[in-house]
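So the structure is just underneath, and the comments pick up after that.
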Amino acid sequence: MAEAAQQETHGFQTEVKQLLQLMIHSLYSNKEIFLRELVSNAADAADKLRFRALENDSLYEDDGDLNVKISVDKEAGTVTVADNGIGMNREDVISNLGTIAKSGTKDFFSKLSGDSAKDSQLIGQFGVGFYSAFIVADKVTVRTRAAGAPAEEGVEWTSQGEGEFTIAQITKPSRGTEVVLHLREDEQEFLDDWRLRSIVSKYSDHISIPVQMYKEEVPEQEGPDGEKTPAEPGHWEGVNKATALWTRDKSEISDEEYQEFYKHISHDFAEPMSWAHNKVEGKTEYTSLLYIPSKAPYDLWNRDQSHGLKLYVQRVFIMDDAEQFMPTYLRFVKGLVDSNDLPLNVSREILQDNKITQALRQGCTKRVLGMLEKMAKNDADKYQAFWNEFGNVLKEGPAEDFANKEKIAGLLRFSSTHNDSDAQTVSLADYIGRMKEGQETIYYVSSDSYQTAKNSPHLEIFRKKGIEVLLLGERIDEWLMSHLTEFDGKQFKSIAKGDLDLGDLDDEESKKAQEAAEKEVEGVLERVKTALGDKVVEVKFTHRLTDSPAVIVADDNGMTTQMMKLMQAAGQPVPDVKYHFELNPEHSLVKMLADVQDESRFAQWTNVLYDQAALSEQGSLKDPSAFVKNLNELLLNLSK
């Protein structure tokens with residue numbers, strides 16, 4: 013192997029430096045995972061070559077026996093993981109080994125705390141791949157050549173895992189990549205053949221590419237009875253089963269094997285929360301292996317994040333992140349689908365409108381929702397842990413997946429006035445089971461947060477009558493409710509929109525008291541409407557309040573405050589929305605207002621009451637200085 017004179021030194025991307033330092037310290041207690049990560053990368057490289065070779069068989073270079081080889085040099089203190097997969101060219105090496113090409117990287121690093129135990133979990137969700145080599149090595153050398161490239165276009169990459177790495181052009185007769193780890197003095201345990209074999213068996217048994225280690229020559233030996241056993245020449249021997257795990261019968265696969273396979277495809281260190289392995293036969297034949305992670309990835313909310321399942325066709329790897337097989341609201345699901353019906357040369361474009369793709373998507377979606385329903389029914393605590401991690405993503409479902417809207421609604425969890433806690437633990441079935449006799453509506457109120465929803469004046473009459481109301485305090489909740497109109501035959505109703513009609517829940521005694529209160533302040537509505545002018549749609553009395561003097565209410569089909577804020581956050585133009593202004597005729601301030609004779613003073617009081625109601629509903633005012641001026645003048649007048 014002749015090395016060219018040309019050698020360049022490059023600096024690592026800042027995030028790589030941070031990751032290397034944190035990883036070496038945070039993951040040290042689980043250092044053997046370096047071999048799992050390197051073997052996994054090597055297997056991926058073999059998968060990618062197999063796919064590329066479907067269109068260009070010459071990439072095999074007369075060597076179609078794909079494998080991963082692990083070798084040890086005890087004298088040099090090195091472990092080498094080599095593959096004859098797709099390989100890399102110079103640009104690939106700089107891009108893949110010098111930078112972290114992941115969206116949301118800066119956000120990821122902002123979450124690191126410096127606490128090794130906590131950071132190790134986060135780093136595990138981020139995925140460390142190749143860089144895990146530096147957990148046990150103080151120097152790493154990578155030699156690689158892209159399949160189909162001339163031998164003279166090999167590349168050697170070397171680094172001590174600090175600030176920089178060197179790149180040199182070399183001659184590499186064989187395609188693929190070999191990673192040479194120069195072990196630290198205190199990591200010599202990984203030079204032991206048995207130790208490496210046990211790690212491969214533990215973490216990489218499921219990989220479909222053969223993982224081989226060299227077995228030393230065994231000389232001829234003479235037994236106690238004088239018989240001689242023949243000598244065995246040195247040879248490469250398989251260490252793993254080398255059978256695609258998803259092709260095996262479920263009864264033959266242990267939980268530990270399923271869990272390790274999850275870590276292989278997701279690069280997550282944590283155990284999965286649940287999984288489903290199914291083989292479907294009939295009109296469309298495919299196998300799916302789907303996992304629900306136990307922790308949300310750091311970039312779950314990044315819109316540029318790639319997501320989806322690994323796609324195999326007849327056990328041949330085709331692509332990562334095939335989003336066509338899983339709806340966006342289930343983007344946290346990891347796993348694979350292996351189809352017998354798709355063509356081997358299938359592309360993302362062909363997948364887009366393919367009938368087989370649609371059948372697989374429907375099947376995989378149904379499988380995941382079924383998995384979640386089973387979890388919710390049989391293990392409430394486990395499902396609550398899932399909801400705490402992924403609930404807000406699942407809330408996107410009713411808008412995206414009309415066919416499964418009812419199923420998704422049944423999986424939703426909310427806070428409500430039934431519990432004195434912001435925990436989202438109430439299902440719609442729970443709510444319906446507690447409905448008052450005669451109640452036909454599921455009531456809810458949405459706001460900026462749980463606390464503001466809990467303290468909404470709209471709740472006052474519902475608390476008085478003991479009617480449960482769902483408290484929606486997440487930004488996505490308003491979007492959810494705009495697409496979720498009913499559940500189990502019960503209509504949803506925002507208590508902050510339209511007229512309030514409690515129907516059979518109201519009683520005659522209350523109605524008579526309300527009518528009497530309205531007569532006491534007769535005439536105030538017209539004066540308030542004149543004072544407010546075109547600020548409001550209309551002014552009327554309300555009996556939805558018990559403690560507050562006034563409230564603003566949106567039209568039944570109008571835009572709520574939360575929807576306006578949602579549109580503003582998305583950069584959408586927001587129309588000028590006018591509200592109904594409702595007065596509580598039983599409140600002392602409203603009675604006092606009715607007695608004010610000076611129309612100028614009456615207008616000031618009216619505007620103060622309106623601004624108070626707007627502030628309570630919206631959290632801010634269009635003209636706060638006018639509110640302060642009116643309030644100050646009224647206070648000064650009271651002191652005279």
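The numbering of the sequence shown is this note's numbering, which starts it at 13 and goes up by one. Quick reminder that beta carbons are idealized off the backbone N, C-alpha and C, glycines included.
Exclusion of the five residues before and after residue 153 leaves 168, 169, 170, 191, 192 and 194 as the residues of its chain whose Cβ lies within less than 8 Å of its Cβ.
The beta-carbon separation of residue 329 and residue 59, rounded to 3 Å, stays under the 8 Å limit for a contact. The shortest C-alpha to C-alpha distance from residue 513 to any of 500, 491, 454 and 301 is the one to 454. Of the candidates 89, 424 and 402, the residue whose Cα lies closest to the Cα of residue 389 is 424. Per DSSP, reduced to three states, the secondary structure at residue 448 is coil, with no helix or strand assignment. Bridge partners of residue 331 according to DSSP: 323. Just measuring C-alpha positions, the residue of 307, 335, 324 and 325 sitting nearest residue 318 is 335.
Approximately 5 Å separates the beta-carbon atoms of residue 457 and residue 507; this is inside 8 Å, confirming the contact.
Pairing residue 43 with residue 147, the inter-Cα distance amounts to about 6 Å. Residue 246 is not a Cβ neighbour of residue 303, given a cutoff of 7 Å. Annotation for residue 424: no alpha helix (DSSP H) segment contains it, and DSSP assigns it neither H nor E. The residue among 646, 533, 620 and 645 with its C-alpha nearest the C-alpha of residue 607 is 533. Approximately 7 Å separates the beta-carbon atoms of residue 473 and residue 557; this is inside 8 Å, confirming the contact.
If you check the CB distance, residue 562 and residue 595 come in under 7 Å. DSSP, reduced to helix, strand and coil, places residue 281 outside both helices and strands of the structure shown, so it counts as coil. Cβ atoms of residue 419 and residue 381 come within 8 Å of each other, at about 5 Å. By the Cβ test, the segment 237 to 251 is in contact with the segment 220 to 228, since at least three Cβ pairs between them sit closer than 8 Å. For residue 226, the enclosing beta strand (DSSP E) covers residues 223 to 227. Out of 530, 218 and 404, the CA that lies nearest to the CA of residue 553 is found in 530.
Rounded to whole angstroms, the separation of the alpha carbons of residue 158 and residue 107 is 14 Å. Per DSSP, residue 399 is one residue of the alpha helix (DSSP H) stretching across 392 to 406. Around the beta carbon of residue 240, a 10 Å sphere encloses fewer than 16 other beta carbons of the protein chains shown; the residue is thus reported as exposed. Residue 331 has its alpha-carbon roughly 11 Å from the corresponding atom of residue 64. Around the beta-carbon of residue 617, 16 or more other beta-carbon atoms lie within 10 Å, marking it buried. Ranked by Cα distance from residue 184, the first of 341, 68 and 165 is 165. If you check the CB distance, residue 324 and residue 350 come in under 7 Å.
Of all alpha-carbon atoms in 485, 84 and 575, the one lying nearest the alpha-carbon of residue 435 is that of 485.
Exclusion of the five residues before and after residue 511 leaves no residue of its chain whose Cβ lies closer than 6 Å to its Cβ.
Here residue 509 is actually not in contact with residue 583; their C-beta atoms are around 25 Å apart, not less than 8 Å.
As the crow flies, the alpha-carbon of residue 373 is around 25 Å from that of residue 66.
In the structure shown, residue 491 adopts helical secondary structure according to DSSP, grouped into three states.
With fewer than 16 other Cβ atoms from the protein chains shown falling within 10 Å of its own Cβ, residue 19 counts as exposed.
Shown here for residue 109: same chain residues with a beta carbon closer than 6 Å to its own, the five before and five after excluded, namely 169 in chain order.
Look at residue 214 here: in three-state DSSP terms it is helix.
If only complete runs of 3 or more residues are kept, the segment 516 to 566 shows the beta strand (DSSP E) at 548 to 553 and 562 to 565, in order along the chain.
Between residue 21 and residue 255, the C-beta gap is not smaller than 7 Å, which leaves the two residues out of contact.
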